[in-house]
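Enquirer: Counting from 6, one number per residue, gives the positions in the sequence shown under the working numbering.
Glycine included, every Cβ here is placed at the ideal spot set by N, Cα and C.
Bear in mind the structure is a predicted one, so any value in this text is a computation, not a measurement.
Can you read through this structure? Questions will come right after.
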Amino acid sequence: MAQTVTTTKTLSLNDRLVAGVLALVLGSFLIFGVGLAHSAALHDTAHDTRHSLGFPCH
C-alpha cells in the first residue's frame with residue numbers, strides 16, 4: 006500500500022511581502038500597461054477585463 010506524506014512550509018513575512026509586491030507590479034502592468042497599448046487586440050482585452058472586474062476606465 007502506498008503512503009503519501011505532505012509537508013508544509015510557512016513563509017516568512019519578508020517572503021510574503023516580496024510575493025505581494027511582485028503580484029501588485031504584475032497586476033498593475035496587466036491592467037495599465039496592456040490597457041494603454043497601441044495594439045487594438047491587447048487594449049480591447051484589457052478593457053473588457055477591467056469592465057468585468059468593475060474597474061472604471063472611462
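For the alpha helix (DSSP H) containing V23, name the first residue and the last one.
Expert: Translated into the one-based positions of the sequence shown, residue 23 becomes position 18. First-last of the alpha helix (DSSP H) with V23: 18-33.
Enquirer: Do I36 and R55 have their beta-carbon atoms positioned less than 8 Å apart in this structure?
Expert: As a working note, residue 55 is residue 50 in the sequence shown. As a working note, residue 36 is residue 31 in the sequence shown. Contact: yes.
Enquirer: Would you mind giving the Cβ-Cβ distance between A51 and V39, rounded to the nearest angstrom? I have them listed as a contact below 8 Å.
Expert: Counted from its first residue, the sequence shown places residue 51 at position 46. Counted from its first residue, the sequence shown places residue 39 at position 34. Contact holds; Cβ gap of about 4 Å.
Enquirer: Measuring only the C-alpha atoms, how far is T15 from A28?
Expert: On the sequence shown, position 10 is the one that residue 15 refers to. On the sequence shown, position 23 is the one that residue 28 refers to. Roughly 19 Å separates the two Cα atoms.
Enquirer: Under a three-way DSSP split, which group does A51 fall into?
Expert: Along the sequence shown, read from residue 1 onward, the residue named residue 51 stands at position 46. Correct three-state label for A51: helix.
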